[in-house]
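Each remark here refers to the structure printed beneath this line.
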């Protein structure tokens, strides 16, 4: 094993590495390496992991790399100058489970030979210049794919529809798909006359069959059951146990058995209104259970909050928003069934020195972008818009890959243009927008402010209350003259990758814009999200160590006027 990651090693990758025939792992991540990938690396036939990400490597992918038949993980992401096409011979790497080619200059079509890699579970092709259609053979229940920010076109193959939660297509302007795919516009229907007739006949037939079945169902169940607002629902003595959107049935008894009737040894977290339990179901699946305390379960206001979270999350389908599998509503026992997020909350990870180091600069940048995209979806792609009202580091959960999801929608509010949006104060102290405290009017800008706080907290490793207090005390305060390097989390070495540094500059600038005293001048989450998606922003003239907060706060970030709607 040879691991020299996260140093400041410069120069070319030595071709002599190809002589290390017994080498199993080669990690060169996050250095200052340049030049091309030496073809001699293809001689390392015993290699199982190759990571040369976050460098300045250029040129095309050498065909010899496809000879690494034992390779399990290949990461060449974030070099930004690797070009050419993805060789079709990559399909020969049958043992590959992880392939990351993101943030480069790859072009051409996506080879369908990737579909022959049956062990592949993670594929990231985002941030390139790939074109053409999406190969339908890549659709798989086990494969998580990111096609974002390329130049793909045409209609997303219907084969991907069952797996929409595992695939991202953001930032492909000429790509269209059905309603399940977020960030993709629906396909226009331009059918021939014969096609239209066939579709009309088919639609009428389906309508007649559905109407007939509906009549039978009403006849059979209409006088025996009350209307059930949620799918796959069991109702008994006024209680409700409902499961949907889950691969396999979950029985109430399975939950009770898995937690031994919510024994404390399965408790992984607790709060003012309830506790979170980890439950392993009979088939081995792990879920998280958010259970309200017994006394709170009897409070009408909290039952209302509980059902608000159910209704909100049931309609949301986005990779950066926690997935809700079901719920149980009982006057003595109320709980929600979520996907299990292995790494817990962002707050807990930043509070632990060892885990905080694992959350390196690139991962922190990704976490912040994930949060922004999730909030953008809630504010601008849901109808009516959804305001979370309690965005905080405690409500950002991380999975095993340290990907972030927004959670805890108990205080979420749907914004209707024709109704009053006045409300009682909700949220977590230190994250609540100041204007909400005295106007009591909920708008999307409440979440924008909270996002700004969480973004700074993620980069600083702690809540930015002291910094914000110092900056707001005087327009020309000494806090603004602080060097950015002094403000960032000192547990990590200063970032060296130029793209990561560039992203950090942008995040700090946008965070302070989100925290402006007058919400009228704050950006929308759509504008923030689009800034993160933009490529080719100029590299700052000053070095990282010479940039002050004032430099960033006074710099220009140009917003697309169309994104203000």
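In the numbering used here, the protein residues as written are 1474 to 2038. Glycine residues also receive a C-beta, built at the ideal position from the N, C-alpha and C atoms.
key: Among 1577, 1508, 1560 and 1901, the one whose alpha carbon lies nearest that of residue 1553   = 1577
inquiry  = Using 8 Å for Cβ pairs, my map puts residue 1875 next to residue 1810. What's the rounded Cβ distance?
reply    = Contact doesn't hold; Cβ gap of about 23 Å is too wide.
task = Would you mind working out which of 1835, 1529, 1844 and 1871 sits nearest residue 1998, comparing C-alpha positions?
result = 1844
key: Run of the alpha helix (DSSP H) containing residue 1821, from where it starts to where it stops   = Here the alpha helix (DSSP H) through residue 1821 covers 1819-1824.
message = Short of 8 Å in beta carbon distance, which residues of its chain neighbour residue 1920, apart from the five on each side in sequence? Order them along the chain.
response = Excluding residues within five positions, the ones whose Cβ falls inside 8 Å are 1848, 1851, 1852, 1860, 1861, 1862, 1864 and 1998.
task = Using only alpha-carbon positions, find the residue among 1943, 1515 and 1550 that is nearest to residue 1836.
result = With distances taken between Cα atoms, residue 1836 lies closest to 1550.
ask   = Can you name, in chain order, every residue of its own chain whose Cβ lies under 7 Å from the Cβ of residue 1560, other than the five neighbours on each side?
value = 1534, 1536 and 1539
ask   = Can you tell me whether DSSP reads residue 1476 as helix, strand or coil?
value = DSSP places residue 1476 in strand when its eight states are reduced to three.
ask   = Mapping DSSP to helix, strand and coil, what is residue 1642?
value = coil
task = Find the nearest neighbour of residue 1984 within the set 1933, 1605, 1648 and 1634, judged by alpha-carbon distance.
result = Residue 1933 holds the alpha-carbon nearest to the alpha-carbon of residue 1984 among 1933, 1605, 1648 and 1634.
Host alpha helix (DSSP H) of residue 1840 (start-end) = Start and end: 1834-1853.
inquiry  = So, under 8 Å CB-CB, residue 1838 and residue 1976 are touching, yes? Tell me the CB distance rounded to an integer number of Å.
reply    = 5 Å
task = Look at the Cβ atom of residue 1514, then the Cβ atom of residue 1478, and state whether they are nearer than 8 Å.
result = The beta carbons of residue 1514 and residue 1478 sit no closer together than 8 Å.
task = For residue 2045, count neighbouring Cβ atoms within 10 angstroms of its own Cβ and tell me buried if that reaches 16, exposed if not.
result = This structure leaves residue 2045 out entirely; the chain is present only between 1474 and 2038.
query = Just to confirm, are residue 1506 and residue 1528 a CB contact at a threshold of 8 Å?
reply = yes
ask   = What number of angstroms, rounded off, separates the C-alpha of residue 1489 from the C-alpha of residue 1579?
value = 26 Å
C-alpha distance - residue 1729 paired with residue 1793, whole-angstrom precision = If I take the Cα positions, the gap works out to 29 Å.
key: Alpha carbon of residue 1565 to alpha carbon of residue 1475, nearest angstrom   = If I take the Cα positions, the gap works out to 25 Å.
inquiry  = Under DSSP, the beta strand (DSSP E) around residue 1743 begins and ends at which residues?
reply    = 1740-1743
message = I'd like to know whether the C-beta atoms of residue 1925 and residue 2022 end up nearer to each other than 8 Å.
response = no
ask   = When you compare only the Cα positions, how much space is there between residue 1751 and residue 1570?
value = Distance between residue 1751 and residue 1570, taken at the CA atoms: about 27 Å.
query = When you compare each of 1828, 1958, 1597 and 2002 to residue 1572 by their alpha carbons, which one comes out closest?
reply = 1597
task = Could you give the DSSP three-state label for residue 1736: helix, strand or coil?
result = coil
inquiry  = Mapping the DSSP letters down to three states, classify residue 1495 as helix, strand or coil.
reply    = Correct three-state label for residue 1495: coil.
message = Could you pull the DSSP bridge partners for residue 1811 from this structure?
response = 1761 and 1797
request  = Note down, in chain order, each residue of its chain lying with its Cβ closer than 8 Å to the Cβ of residue 1686, except the 5 sequence neighbours on either side.
outcome  = Any reading at residue 1686 needs caution, since the residue's pLDDT is 47, under 50, leaving its predicted position unreliable; the model's value is listed next. No residues qualify anywhere along the chain.
For residue 1581, the three-state DSSP class (helix, strand or coil) = strand
CB-CB length for residue 1918 against residue 1855, believed under 8 Å = About 16 Å separates the two Cβ atoms, so there is no contact after all.
message = According to DSSP, is residue 1546 part of a helix, a strand, or is it coil?
response = In the three-state DSSP reduction, residue 1546 falls in the strand class (E or B).
key: Element boundaries [alpha helix (DSSP H), containing residue 1987]   = 1971-1987
First and last residue of the uninterrupted alpha helix (DSSP H) at residue 1728 = 1725-1731
Terminal residues of the alpha helix (DSSP H) in which residue 1919 lies = Counting along the chain, the alpha helix (DSSP H) containing residue 1919 begins and ends at 1917-1933.
request  = Report the residue from 1757, 1880, 1658 and 1600 whose alpha carbon sits nearest the alpha carbon of residue 1817.
outcome  = Ranking the options by Cα distance to residue 1817, first place goes to 1880.
inquiry  = Buried or exposed, going by whether 16 or more other CB atoms sit within 10 Å of the CB of residue 2004?
reply    = The residue is buried, with at least 16 neighbouring Cβ atoms inside 10 Å.
inquiry  = Taking only three categories from DSSP, how would you classify residue 1519?
reply    = Coil.
task = State the start and end residues of the unbroken beta strand (DSSP E) segment that holds residue 1753.
result = 1747-1753
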